[in-house]
Structures are given as structure tokens and as C-alpha cells.
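*Asks:*
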Amino acid sequence: MANSHHRCTSVASELEGTLLISGSLFPYFFLVALEAGGPLRALLLLAVYPLVALLGAAFSWDDLPLLAMTFLSTAGLDVGDVTAAARATLPRFFLADLRGSAFRALSRHAGGGERYVVTHLPRLVAEPFVREYLGADVRVVGTELRVVAGKRFSGTVVVASPGVAAAAAGADRSLGALVAVLGSDRVVGVGLYCPGAGGDQQPAFLQACQERRMVSAPEKAAAVPLPRSEYPRPLVFHDGRLVRRPDPLACLAILLWLPLGVLLSVTRLLFGFLPHGAGLLLSAATGFRMRGSLGGAAAAGPRRGTLFACNHQTLMDPVILATVLRRKVTAVTYSLSSFSELIAPIPTVRLTRDRGRDSRIMQRELARGDLVVCPEGTTCREPYLLRFSPLFAEIADEVTPTAVRAGGAMFHGSTVRGHKWLDSVFFLMNPAPWYEIRILATCSGSGGASSLDVANGVQRMIGDELGFECTGLTRRDKYRMIAGHDGVDARSSPSS
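Residues 1 to 496 (the UniProt record's numbering) make up the sequence shown, in order.
Right, here's the structure in full:
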């Protein structure tokens, strides 16, 4: 009976400061402003935030920064755009800040009583992460945004009823929202919390809890984020330009870097049109690091074309491969923007999505020289490989697997919902972008192996070399999750 009672006990935990190590909400509002509203809205939020924070502290108006951030990040935006940003961009930053001890404490109550996550963020912003990674049964208790004209946010929150406001008098909106959800019961069995900076300070929502449990000791030196190996489900797909959590100082650093970053990006793009040796040296002088590990056959320069099959990190994969090899390589792609084709220092050939015709195009280009193809069909930022399309294995008896890794400290070089034509520009705006190319032993498709077996074998070789996990996920899975379509309409480019 005791165990049954424990399993059915309801539990509540605050998101920021308990489940999340950081209690700051600014980064998440900034991400919504940037990804759903654009850079000018994000810049306005960054400029106004210090002022409202100071005014709120000076006049003991704790709600002022929250209300200001809510208004500046959502006013006038389409509900769908904010929802998409919350689903595709925020979970990665939430997961990186997820406190391991608090997550385990909340998980122990799975399958029992009601579970609540209380947050000062708008419910719509936090709910995709909570439902996907903390449990589909978890109820998110947060502020509700007012919608006008049926599809746009006014930037204001829906005020609780007078009875709820009275029940939460002297506390804060998190308690009022929780009381509104609980209704007449107004009681949660267990409230989870972590000590704040003040030591004994506790979240106001605990007033609606019968029992209070601390999930980490106050004397603990540093909170430990949940390891990737313990994520409830793998984080494979996400969107957004920023690499690091956009705290105010990090945002200021990026803002100050932008003029020099743009200049560096343009300069690095121009270096790509120089002879390979000169371009490599001059790019290195600007902080662009490239490292290549060449297989014997690839380095020797075969008389007939070599088919390179590589995983896809950014649109620059074929360009960097050509630079490392120091010879001409042709890239095939399903779709590229006109700008991307213009700045490409190597030949690019468009495919048509007609399997027979595409096979003939690739065979023709391979007969002329080296050819590089990215069988994943889209980029993947995390240490996973998407399913390799077997088409490349049907056009050549021998395939050279090529393992690619790339990264930068500020900006991602790929996007789904953003301006895809700027992908290469953003990647080259990083202070010290880096690329690593490893050309592996050539494998043969002879011996009766099907093209699908060859494609799976190449995927495993590259995955083993990079330490990436092979998956059966596809480009369509990525676009459906991030953008809500299958990646073949006019708005999307499967090559990035």
C-alpha cells in the first residue's frame, strides 16, 4: 500500500533554477525573438533588457523584466513561427542546461501521479521541450499568451481570474498559474526545488505543495548537467544559427564581432577562388583550420574519376575536400540557391529527383573527373549519420568513403527555417572555423552486394571513423520535425 501511494503522489518542479541549472530566462526569450522575429527584434530585446532589469530591481517590480521580455519577443508574431522556434531551436539549449539530479527526481514519479513543470516562460515556449524530453504526460504550467486576430500574439499575457490572483497573493505568477491548473484541489503532493543564490529562498509554487524535497545540496560546488547518454530520447535534429547559449554577455560579444566577422567571411570566400595551395595558406592565416587525412588512392590522383561519398556537415564539404585534395572536384546537389552557386569555387551539378536521369547525370560527371556526393541528402549537426541513399552505389564499382567534421564557436553553417543562401557566409563568420576531412579506404561494390548493402556499409565505415551513431532517419524526417513539411517544396533545400 505504501508503494502504491508513493507511485500515485503528484509532483511539481520549477523549470528554471531547478530542472534547469540556470535561472535566467533571457536566453530563451532572445532565441524566440531571433528565430521567430528576426535579428532586429533580437537586437531591440538585447538593448532594452538591461534597462528594464535595473528598473525592476530599483522599484522591486519583479514582473517588469519578464513582462518586457515577453512583449518584445512575441508581440505581433505569428503563433506558428513562435511554435516552430520553440520546437526546433530551444530544446537543444534546454537539454544542455538540464540538471541531472532534478531530472532523475522527476523521472522517478513517471507512471504514477500527475507531474507538473512550473515555469515563468510562456507555456507555448516551454511545452515542446517538456513534452518531448521530460514526458508526454507532464503538464506545463506557465503564462498564457494573448492571441489577437486568431493567429498573432499581442505580446501580453492572459491574466488569471480574481480568485486565483487572491490565492496567489504575495507570491508570483508561477503559483497563480499552478493554482489555476489544480482547480479546487490546489494541492500537489511533492514539490521539487533547488536552493537559489540566497540559500533558503524557495520558489513560490511550493506553497501549493504538501511536501518539499530538495534535489541538490546547497553546499554542492557545481550542478552537473544531464549527460547526453541519459537523454530520454536522442537529440538528432535542431535548428537555429547560434552555437552557444545566448546569455547577455555572449550576445554582446557576437554583436561586437559581427562587423569583423562579415569582413572575414567575404575574405575567406574570395580565397576559395585562388589556387588551392595559396587559398589554403591564406585561409589558415585568418584562423580557418583545415586538416586532411588522405587515403593512398585518393592522394595519388587516379586516371579515372573517383567517387567520394561523404557525410554532410555544411554546404562547404565539397569545397573543402577539393582544397585538401588540391584538385578539381565536381559536386552534385538537388538544390542550391543562385547565390550559393555563384560563390562556389568548384563546379556544381543539379540533380532532378528522377532516379534514372540522376544516375545518368552522375555517371557522365564521374567519367569526366572526380565527383563528390552527400548521400544523407541534408546536413546533420549532432554526432549521428542519417540513412545513406543507395543511388551513389549504383553508378560506380568503387566508392571512396569520406568522413567529415566541421564546426565553429558562434554560428552554425546550416539552417532549415532561416535564410539558407547565407549558410556558407555564417559558417565563415566564425572566429576560428575548422574542418577535418578523412578519406578512408576505397570499398568495392562487386561481389554480389546490393547498392543498399554498399550504402549501409559506407555509412558504417564513416560512423565508426567519426564515432557517430548510424540511424535510419532521413531528410524528410528532419524537415518534418523542424519545418513541418517534407523538404521538397520551394522553401527548402535538401542539400543543406
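In this text, a Cβ means the ideal position worked out from N, Cα and C, and glycines have one as well.
For my contact list, Pro225 and Leu98 are in at a C-beta cut-off of 8 Å; report their separation, rounded to the angstrom.
*Replies:* 6 Å
*Asks:* Just list the alpha helix (DSSP H) runs in the region 61 to 145, keeping only unbroken ones of 4 residues or longer that don't cross its boundaries, in chain order.
*Replies:* 63 to 74, 79 to 88, 90 to 96, 100 to 107 and 123 to 129
*Asks:* Which value, in whole angstroms, describes the spacing of the CA atoms of Val158 and Leu66?
*Replies:* 14 Å
*Asks:* What does the alpha-carbon distance come out to for the pair Gln313 and Arg108?
*Replies:* 37 Å
*Asks:* Rounding to the nearest angstrom, what Cα-Cα distance links Pro122 and Trp61 in this structure?
*Replies:* 19 Å
*Asks:* So for residue 514, helix, strand or coil by DSSP?
*Replies:* This structure cannot speak to residue 514, because the chain is shown only from 1 to 496.
*Asks:* From the DSSP secondary-structure annotation, give me the bridge partner or partners of Tyr193.
*Replies:* In DSSP, Tyr193 forms a bridge with Met214.
*Asks:* Where in the region 360 to 433 do unbroken runs of the beta strand (DSSP E), each at least 3 residues long, occur, reported from the N-terminal end onward?
*Replies:* 371 to 373 and 398 to 407
*Asks:* Roughly how many whole angstroms lie between the Cα atoms of Leu274 and Leu386?
*Replies:* 33 Å
*Asks:* Quick one: measure Cβ to Cβ for Val117 and Ser229, integer angstroms, because I've assumed they're closer than 8 Å.
*Replies:* Contact flag wrong, Cβ pair sits at about 23 Å.
*Asks:* Please confirm whether Pro383 and Phe468 have their CB atoms less than 9 Å apart.
*Replies:* Less than 9 Å separates the beta-carbon of Pro383 from that of Phe468.
*Asks:* Based on the DSSP output, what are the partners of Gly292 in its beta bridges?
*Replies:* For Gly292, which the question treats as bridged, DSSP gives the partners Ile437.
*Asks:* Going by beta-carbon coordinates alone, are Phe129 and Leu72 separated by less than 9 Å?
*Replies:* no
*Asks:* Quick check on Lys478: buried or exposed, where buried means 16 or more other Cβ atoms within 10 Å of its Cβ?
*Replies:* buried
*Asks:* If I'm right that Met214 touches Pro195 with Cβ under 8 Å, what's the distance once you round it to whole angstroms?
*Replies:* 7 Å
*Asks:* Go ahead and pull the three-state DSSP assignment for Pro225.
*Replies:* In this structure, Pro225 counts as strand in the three-state DSSP scheme.
*Asks:* Using DSSP with H/G/I as helix, E/B as strand and the rest coil, what is Arg245?
*Replies:* coil
*Asks:* For Thr378 versus Gly413, is the C-beta distance shorter than 9 Å?
*Replies:* no
*Asks:* Under the rule that 16 or more other beta-carbon atoms within 10 Å means buried, what is Thr18, buried or exposed?
*Replies:* buried
*Asks:* Examine chain C for any beta-carbon lying closer than 9 Å to the beta-carbon of Ala396, and answer yes or no.
*Replies:* You won't find chain C in this structure, because it holds only one protein chain.
*Asks:* Select from Ala58, Phe59, Ala57 and Ala33 the residue whose C-alpha is nearest the C-alpha of Ala47.
*Replies:* Ala33
*Asks:* Count the other CB atoms, across all protein chains shown, that sit within 10 Å of the CB of Lys420; report buried if there are 16 or more and exposed otherwise.
*Replies:* buried
*Asks:* Per the contact definition of three or more C-beta pairs closer than 8 Å, is the region 350 to 361 in contact with the region 431 to 445?
*Replies:* no
*Asks:* Decide if Pro39 is buried, meaning its Cβ has at least 16 other Cβ atoms within 10 Å, or exposed.
*Replies:* exposed
*Asks:* Please go through the same chain and pick out, in chain order, the residues whose beta-carbon is closer than 7 Å to the beta-carbon of Pro476, but skip the five residues on each side of it.
*Replies:* Checking the sequence, you will find Arg at residue 476 rather than Pro. Contacts found: Asp486 and Gly487.
*Asks:* Buried or exposed: where does Ala331 fall if 16 or more other Cβ atoms within 10 Å of its Cβ makes it buried?
*Replies:* Buried.
*Asks:* What does DSSP give as the partner residue(s) for Thr333 in the beta ladder?
*Replies:* Its beta-bridge partners are Arg350.
*Asks:* With burial defined as no fewer than 16 other Cβ atoms inside 10 Å of the residue's Cβ, what is the status of Ser338: buried or exposed?
*Replies:* exposed
*Asks:* Leaving out five residues on either side along the sequence, give the residues of the same chain with a beta carbon under 6 Å from the beta carbon of Ser24.
*Replies:* none
*Asks:* So, is Thr352 buried or exposed, given that buried needs 16 or more other C-beta atoms within 10 angstroms?
*Replies:* exposed
*Asks:* From what residue to what residue does the alpha helix (DSSP H) around Leu307 run?
*Replies:* Run containing Leu307: none in the alpha helix (DSSP H); it sits in the beta strand (DSSP E), Leu307 to Cys310.
*Asks:* Which residues in the same chain have their Cβ closer than 7 Å to the Cβ of Cys470, if we skip the five residues on either side of it in sequence?
*Replies:* Leu385, Gln459, Arg460 and Gly463
*Asks:* How many Å lie between Leu336 and Arg212 at the Cα?
*Replies:* 56 Å
*Asks:* Would a C-beta distance cut-off of 9 Å place Phe205 and Gly189 closer than the cut-off?
*Replies:* no
*Asks:* Looking at the structure shown, is Val148 part of a helix, part of a strand, or coil, going by DSSP?
*Replies:* strand
*Asks:* Val372 and Phe308 look like a contact to me (Cβ under 8 Å); what is the Cβ gap, rounded to whole Å?
*Replies:* 4 Å
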